[in-house]
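Counting in UniProt numbering, the sequence shown runs from 1 upward without gaps. Cβ atoms here follow ideal geometry from the backbone N, Cα and C, with glycine treated the same way. What follows is a short report on a single structure.
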Amino acid sequence: MNLLSKRQKRRAIIATFVYFFMILISAQLIYIRGLTNLKPIYILNIGCDMFGMLMGYVLFICCLIDVQKTGSNLKWLLCLINVAYLGVFSDSVAWLVDGVVKYRWLNYVDNFLYYCCAPFEAFFFWMYTRTYLELDKKSVKALDILARVGLFLAIFFRIINQFNGMYYTITPESIYQRSALYPMSMIYSFVTMIGTLTVVVIERKNLQKYQIVAFFVYGLGPLVISIITSPAYGLSIIASVIMLVILVMYGVLNLIQGREKAVADRDLSLAKSIQENVLPRVFPPFPDREEFSLYGSMTPAKEVGGDFYDFYLIDDDHLAITMADVSGKGVPAALFMMIAKTIIKTQTLNSTDLDPNTILGNVNNQLCEGNILEMFVTVWHGILTISTGELVYSNAGHEYPALKRRAGKFELVKEKHSPPVATLEGIRFKGGKINLYEGDVIFLYTDGVTEATNIGKELFGEERLLTALNENLDKSVEDIDKNVRMSIDHFVKDAPQFDDITMLALQYHGVAEGSSDS
Numbered sequence: 001m002n003l004l005s006k007r008q009k010r011r012a013i014i015a016t017f018v019y020f021f022m023i024l025i026s027a028q029l030i031y032i033r034g035l036t037n038l039k040p041i042y043i044l045n046i047g048c049d050m051f052g053m054l055m056g057y058v059l060f061i062c063c064l065i066d067v068q069k070t071g072s073n074l075k076w077l078l079c080l081i082n083v084a085y086l087g088v089f090s091d092s093v094a095w096l097v098d099g100v101v102k103y104r105w106l107n108y109v110d111n112f113l114y115y116c117c118a119p120f121e122a123f124f125f126w127m128y129t130r131t132y133l134e135l136d137k138k139s140v141k142a143l144d145i146l147a148r149v150g151l152f153l154a155i156f157f158r159i160i161n162q163f164n165g166m167y168y169t170i171t172p173e174s175i176y177q178r179s180a181l182y183p184m185s186m187i188y189s190f191v192t193m194i195g196t197l198t199v200v201v202i203e204r205k206n207l208q209k210y211q212i213v214a215f216f217v218y219g220l221g222p223l224v225i226s227i228i229t230s231p232a233y234g235l236s237i238i239a240s241v242i243m244l245v246i247l248v249m250y251g252v253l254n255l256i257q258g259r260e261k262a263v264a265d266r267d268l269s270l271a272k273s274i275q276e277n278v279l280p281r282v283f284p285p286f287p288d289r290e291e292f293s294l295y296g297s298m299t300p301a302k303e304v305g306g307d308f309y310d311f312y313l314i315d316d317d318h319l320a321i322t323m324a325d326v327s328g329k330g331v332p333a334a335l336f337m338m339i340a341k342t343i344i345k346t347q348t349l350n351s352t353d354l355d356p357n358t359i360l361g362n363v364n365n366q367l368c369e370g371n372i373l374e375m376f377v378t379v380w381h382g383i384l385t386i387s388t389g390e391l392v393y394s395n396a397g398h399e400y401p402a403l404k405r406r407a408g409k410f411e412l413v414k415e416k417h418s419p420p421v422a423t424l425e426g427i428r429f430k431g432g433k434i435n436l437y438e439g440d441v442i443f444l445y446t447d448g449v450t451e452a453t454n455i456g457k458e459l460f461g462e463e464r465l466l467t468a469l470n471e472n473l474d475k476s477v478e479d480i481d482k483n484v485r486m487s488i489d490h491f492v493k494d495a496p497q498f499d500d501i502t503m504l505a506l507q508y509h510g511v512a513e514g515s516s517d518s
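This is the structure we're talking about:
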């Protein structure tokens, strides 16, 4: 069983290389400097930092594997881990080059990086807390702006320090010395931490007690350690303590609730696997048929959903294609989806007149029987006469299909919808007819495409869909699918996927001259 996707594996490989390369740099400096030339307290600091780096690597890999961490939630936690890792690395280097004149330049660069870590850690902690709590209030957005402006100012003054030494200086002997204004360098970090913990208190109704404690441990733990160790000159374990506290916070927030979620995830994973395997997955599906090309895909969301597509030959001259979406999510929607898919196919194969309206009418009446959950299905169901290109269809509350003529662009085929299937017995469904000619393409999809949402709560929408479809009009049906998927990914970026993204493209090539009608 693969715990990591291809993308996660790439990130794990890059992290492994970078993290251990930085450990090797510290080890090389230890070798060059020599342990006998280091004060015992320096060795203690460096040892704590090396241990902190190892903790950071393990924590990074754990976050990649953790199925509970996705989208922005994962993004900001990984940012927090990475900057904390840079903090322990730069702290170890600072002790190794302190007092070494030939490494005075490195001492400057390293301490600048070290001082930049604290404000970034505070900012990433705020962003992680906000996404963990799923906050989207106006007041929170205002705090976002303040946090970003404050971060900019904090880094700006650290740059200024390189010229006036307001926080610290590096003497000609390459010895680091704090100035009287050093405490001012921590103002942004402390204010941001206090603000974040205040938000946690305000939103405490949405958290368990152990979750509140975890946030406070991270916010107050490093401060307490700083106060305790301040009397011991030269003792600097705060960077490694921060990494340890992140590990504790991660463990408390995720491992406890993970026990209960693991069982549910296992059941959902099994249901999702069953759901995916009932859909056609082999392309091209009919290698011996040159009159048309087909390609479909379903990218499931985290939860099991009710999207499905289907296609099959009714006889040698008729092809049925279906795109549907069951209301709701979870296992009930997945079960209803499989029932609906089976009934639609059975009714189609047993139909005498091959009328999609009649077929959906029969499907509707059958699904309404015993529908105690009151679920419904939006369906676009069409039957193509292969020899003539005539496509008759019925649209039961589904998304408008996109049609491209051979020399034209994709446009939505808008018509009045019938109600969704399984809403009320006795509905008479209405449909339409499209005459396909050589090179024409019809593209079907579910609302997971147009309603894909980015972090700014913007929808992908019909306009962006048409733009993606029309980027290269000579694409194959498979490339059309992949291009739309790529456009959605680029638009959504780190926002979590809440709905299945299901697509089906059909291109009509026509009947070759000399072929006899079936």
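Could you give the C-beta distance for residue i and residue j, rounded to a whole number, given that I count them as a contact under 8 angstroms?
i	j	result
Phe125	Leu80	6 angstroms
Gly431	Ser394	4 angstroms
Gly87	Cys62	The Cβ separation is near 19 angstroms, so there is no contact.
Gly389	Leu436	4 angstroms
Val392	Ile383	6 angstroms
Thr23	Met50	Going by the sequence as given, residue 23 is Ile instead of Thr. Contact holds; Cβ gap of about 7 angstroms.
Gly296	Pro284	With a Cβ gap of about 11 angstroms, Gly296 and Pro284 do not count as contacting.
Leu360	Val421	6 angstroms
Val217	Thr129	Between Thr129 and Val217 the Cβ distance is about 13 angstroms, and since that is not below 8 angstroms, they are no contact.
Glu369	Thr446	No, Glu369 and Thr446 are not in contact; Cβ-Cβ is about 25 angstroms, not under 8 angstroms.
Would you mind stating whether residue i and residue j have Cβ atoms separated by less than 7 angstroms?
i	j	result
Leu294	Phe311	yes
Ala147	Phe112	no
Leu504	Met298	no
Val363	Ile343	yes
Val100	Ser174	yes
Asp98	Tyr182	no
Leu469	Phe429	no
Val149	Phe120	no
Ser179	Tyr188	no
Phe498	Ala214	no
Ala15	Phe89	no
Thr450	Glu462	yes
Arg405	Asp440	yes
Arg158	Tyr114	no
Ile46	Trp95	yes
Is it buried or exposed, residue i, if we count other Cβ atoms within 10 angstroms and call 16 or more buried?
i	result
Gly448	buried
Thr423	buried
Arg7	exposed
His490	exposed
Leu151	buried
Phe443	buried
Gly456	exposed
Ala154	buried
Phe17	exposed
Asp500	buried
Thr171	exposed
Ala320	buried
Leu349	exposed
Asn277	exposed
Ile65	exposed
Thr502	buried
Quick check: what's the CA-CA separation for residue i versus residue j?
i	j	result
Ser516	Ile480	Unreliable placement is indicated for Ser516, whose pLDDT of 44 sits below 50; no coordinate value is reported for it.
Ala340	Gly306	10 angstroms
Met1	Lys9	Any reading at Met1 is ruled out, since the residue's pLDDT is 43, under 50, leaving its predicted position unreliable.
Phe163	Val93	22 angstroms
Lys141	Thr131	12 angstroms
Val511	Gln366	37 angstroms
Met338	Ala495	29 angstroms
Gln28	Phe21	10 angstroms
Tyr19	Trp105	23 angstroms
Ala145	Met127	The sequence as given places Ile at residue 145; Ala does not occur at that position. The straight-line gap from Cα to Cα measures roughly 11 angstroms.
Asn506	Ser476	For clarity, residue 506 is Leu in the given sequence; the question names Asn instead. Between Leu506 and Ser476, the C-alpha separation is close to 10 angstroms.
Lys416	Arg289	33 angstroms
Ile43	Gly34	10 angstroms
residue 523	Met193	The displayed coordinates of the chain run from 1 to 518. Any statement about residue 523 would go beyond what the structure contains.
Pro332	Tyr85	44 angstroms
Lys75	Glu134	14 angstroms
Ile202	Leu373	37 angstroms
Asn472	Leu466	11 angstroms
Asn454	Ile488	9 angstroms
Leu143	Gln211	22 angstroms
(request) Report the residue ranges of all alpha helix (DSSP H) runs contained in full by the segment 422-493; include only those spanning at least 4 residues, in chain order. (result) 447-450, 461-469, 477-492
(request) Quick one: which unbroken alpha helix (DSSP H) runs of 4-plus residues sit fully inside the segment 7-69? Chain order, please. (result) Annotation note: the segment 7-69 contains the following uninterrupted alpha helix (DSSP H) runs of length 4 or greater, listed N- to C-terminal: 40-65.
(request) Can you check the segment 163-216 for any beta strand (DSSP E) of at least 3 residues that lies completely inside it and give the ranges in chain order? (result) 168-170, 176-178
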